[in-house]
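Asks:
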Amino acid sequence: RVSFAGRVAGRGVLAIEVAGSGSPPLRTTYEPVRPLVEEGEDVRAGQPVGALEAEPSHCTAGCLHWGLRRGDAYLDPLSLLPPALLRRGPSRLLPVFGVPEPGPPSSPSGA
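Following our numbering, the numbering of the sequence shown begins with 6 at its first residue and continues without gaps.
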């Protein structure tokens, strides 16, 4: 369920509570995004919930800040990913449309 969709300090922010994750519930956060959902809306896995905002930032290209909290405690959002995915190397969020998926990582020459 979307717990917040709006602007904080001039940036688009989205917060989603994870159903069945305990009390207080886990809450994932995303910024800077233009929310595609509204506060109070139920969302499902795989549903587009926001679009990355193009704005000047510390990143040379657009970047997404992905967070995880339980109450006031900050947690590692990578803990939500399956362990097998984490063993494959760094995770990257990719555009969904108009960009081909990357091929398998290349091995260093001579390896």
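Every residue gets a Cβ at the ideal spot worked out from N, C-alpha and C, and that includes glycine.
Along the chain, where does the beta strand (DSSP E) that runs through A10 open and close?
Replies: Run containing A10: 7 to 13, per the beta strand (DSSP E) assignment.
Asks: CB-CB under 7 angstroms to V42, same chain, minus the five flanking residues each way: which ones, in chain order?
Replies: These residues qualify, in order along the chain: V7, A10, V48, V54.
Asks: Over what stretch of residues does the beta strand (DSSP E) that includes P40 continue unbroken?
Replies: That run of the beta strand (DSSP E) goes 38 to 40.
Asks: Quick check: G72 and T34, are their CB atoms within less than 8 angstroms of each other?
Replies: Yes, Cβ-Cβ distance for G72 and T34 is below 8 angstroms.
Asks: Starting from A89, trace the alpha helix (DSSP H) both ways and give me its first and last residue.
Replies: 88 to 91 is the span of the alpha helix (DSSP H), which, as asked, contains A89.
Asks: How would you label R32, buried or exposed, when you count the other beta carbons within 10 angstroms and need 16 or more for buried?
Replies: By the neighbour-count rule (16 or more Cβ atoms within 10 Å), R32 is buried.
Asks: Going by the beta-carbon positions, is the gap between E36 and R16 smaller than 8 angstroms?
Replies: In this structure, R16 lies closer than 8 angstroms to E36 by Cβ.
Asks: Applying the 10 Å Cβ sphere with the 16-neighbour rule, what's the burial state of P40?
Replies: P40 is buried by the Cβ-count criterion.
Asks: In the DSSP assignment, find the unbroken beta strand (DSSP E) run with G45 in it and report its ends.
Replies: Counting along the chain, G45 falls outside any beta strand (DSSP E), and DSSP gives it neither H nor E.
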